[in-house]
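Trainee:
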Amino acid sequence: MDIVLSAAIEGADTKVSYTEDANVLKSGSVMVFVLDQVVIQPVVQFNVNSYIGQDLKETYTTTEWTMEMNIKKDILGTQIGQYNNQAIYSTGPDEVYVRFGDAPIEGNRLQIKTQGTQMNSQTLFNANTWYHIAYVCTGAKLYLYVNGQLDNSMDMPGKETRVSSVSISSNSSYNRGNSFYSEVRLWKKARSQKEIQNNMYSCDPATPGFIFYYKFNEGQGNRFKDWSGNGNDATTKDNTTPVWIQDVRIDGK
33 MDIVLSAAIE GADTKVSYTE DANVLKSGSV MVFVLDQVVI QPVVQFNVNS YIGQDLKETY
93 TTTEWTMEMN IKKDILGTQI GQYNNQAIYS TGPDEVYVRF GDAPIEGNRL QIKTQGTQMN
153 SQTLFNANTW YHIAYVCTGA KLYLYVNGQL DNSMDMPGKE TRVSSVSISS NSSYNRGNSF
213 YSEVRLWKKA RSQKEIQNNM YSCDPATPGF IFYYKFNEGQ GNRFKDWSGN GNDATTKDNT
273 TPVWIQDVRI DGK
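Numbered by our numbering, the letters in the sequence shown go through residues 33 to 285 in order.
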């Protein structure tokens, strides 16, 4: 006896069949389709003339934290020291500084500096390509995830981190070309890999633990809502108006 399972997707039938004689586990009689939301939205473009340097409403002190964003750079070096020190994110007064490139590494390798140490990515990034990156500090360990996959990790001294300001992109002469951003979030807790994978392109603003959450999907102007509810709305430095790119599929596909 043949048993046929069918599932319809946009009018097309997908069929799986097996015979009574086949050694098939009972759980194989169920087919589950997981449909992932495709997010198409405006994204902001920053450069040396338009960027964020913002004081927050208060000073947040935490041992655990998670920083994540979707990022694309249109110019990256590929040689050691080429187009180094392209800052994409930092918070203070206790340093958490993320950049592409440094003098002794390639310009398309990501680096974070924090708590008196630094960690480089294993990944070499491509220009004009969207990536989701997430740094997770548990206190004892620091992890980097690229597109939801573990890229690198290192031991940490477990110090507290104070956060009272944020910079996104930079006016530094080191910065080349443009940086494109979406879904920039900072949490005062260590997010799991599964949580990161499930929320790369959108996240419920009511989820506990945010310090700030910028969707960067306004589509116009130079004011950016903090969706966390903490009131850390941002504007560009000197009220410059950034470029907006409309109808972008931020998963890069």
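Glycine included, every Cβ here is placed at the ideal spot set by N, Cα and C.
Please read these numbers as outputs of a predicted model, since none were measured by experiment.
Who pairs with Asp187 in a beta bridge, going by DSSP?
Mentor: The residue you call residue 187 lines up with position 155 of the sequence shown. According to DSSP, which records beta bridges pairwise, Asp187 is partnered with Lys173.
Trainee: How big is the Cα-Cα spacing for Thr272 and Asn102?
Mentor: Taking the sequence shown and counting its residues from 1, one reaches residue 272 at position 240. Taking the sequence shown and counting its residues from 1, one reaches residue 102 at position 70. Computed Cα separation, rounded: 22 Å.
Trainee: Round the Cβ separation of Gly124 and Ser196 to the nearest angstrom and send it over; I've been treating them as touching at under 8 Å.
Mentor: Residue mapping note: residue 124 aligns to position 92 of the sequence shown, counting from 1. Residue mapping note: residue 196 aligns to position 164 of the sequence shown, counting from 1. About 7 Å; that satisfies the 8 Å criterion.
Trainee: Quick one: what does DSSP say Ile35 is sitting in, helix, strand or coil?
Mentor: Numbered from its first residue, the sequence shown carries residue 35 at position 3. Its pLDDT being 36, under 50, Ile35 is placed unreliably in this model, and the value from its coordinates should be taken loosely. Three-state result, Ile35: strand.
Trainee: Between the Cα of Asn81 and the Cα atoms of Ile282, Gly209, Asp258 and Val130, which residue gives the shortest distance?
Mentor: Residue 81 sits at position 49 when you count from the first residue of the sequence shown. Measuring from the Cα of Asn81, the nearest candidate turns out to be Gly209.
Trainee: Where do the ends of the alpha helix (DSSP H) carrying Asn160 lie?
Mentor: Position 128 of the sequence shown holds residue 160. That residue, Asn160, is in no alpha helix (DSSP H); it is neither H nor E in DSSP.
Trainee: Just to confirm, are Ile228 and Tyr177 a CB contact at a threshold of 7 Å?
Mentor: Translated into the one-based positions of the sequence shown, residue 228 becomes position 196. Translated into the one-based positions of the sequence shown, residue 177 becomes position 145. Going by C-beta atoms, Ile228 is nearer than 7 Å to Tyr177.
Trainee: Gly251: which of Trp259, Ser204, Asn117 and Trp276 sits nearest, CA to CA?
Mentor: As a first step, residue 251 is located in the sequence shown; it is residue number 219 there, counting from the start. Checking every option, the nearest Cα to that of Gly251 belongs to Trp276.
Trainee: Looking at C-alpha atoms only, which residue of Thr268, Lys220, Asn152 and Asn264 is the closest neighbour of Glu100?
Mentor: For the purposes of this step, residue 100 is taken as residue 68 along the sequence shown, with counting starting at 1. Comparing Cα-Cα distances from Glu100 to each of Thr268, Lys220, Asn152 and Asn264, the minimum goes to Lys220.
Trainee: So the alpha helix (DSSP H) Lys220 belongs to, where does it begin and stop?
Mentor: By one-based count along the sequence shown, residue 220 stands at place 188. Element bounds for Lys220: n/a, residue is neither H nor E.
Trainee: Using a Cβ-Cβ cut-off of 7 Å (strictly less than) and excluding sequence neighbours within five positions of Asp183, which residues of its own chain qualify?
Mentor: By one-based count along the sequence shown, residue 183 stands at place 151. Excluding residues within five positions, the ones whose Cβ falls inside 7 Å are Ser153, Gln154, Thr155, Leu176 and Tyr177.
Trainee: Which residues does DSSP pair with Thr110 in a beta bridge?
Mentor: The count along the sequence shown starts at 1 and reaches residue 110 at position 78. DSSP, once it has assigned bridges, lists no residue as partnering Thr110.
Trainee: In three-state terms, what does DSSP make of Gln229?
Mentor: In the sequence shown, residue 229 corresponds to position 197, counting from 1. Note: Gln229 maps to helix in three-state DSSP.
Trainee: Taking the alpha-carbon positions, what's the Tyr246 to Phe256 distance?
Mentor: Walking along the sequence shown from the start, residue 246 turns up at place 214. Walking along the sequence shown from the start, residue 256 turns up at place 224. Straight-line Cα distance between these residues: approximately 7 Å.
Trainee: Taking C-alpha atoms, which residue in Asn264, Asp87, Thr161 and Thr95 lies nearest to Ser211?
Mentor: The count along the sequence shown starts at 1 and reaches residue 211 at position 179. Ranking the options by Cα distance to Ser211, first place goes to Thr161.
Trainee: Where does Lys105 fall in DSSP's three states?
Mentor: In the sequence shown, residue 105 corresponds to position 73, counting from 1. Looking at Lys105 - three-state DSSP - the assignment turns out to be strand.
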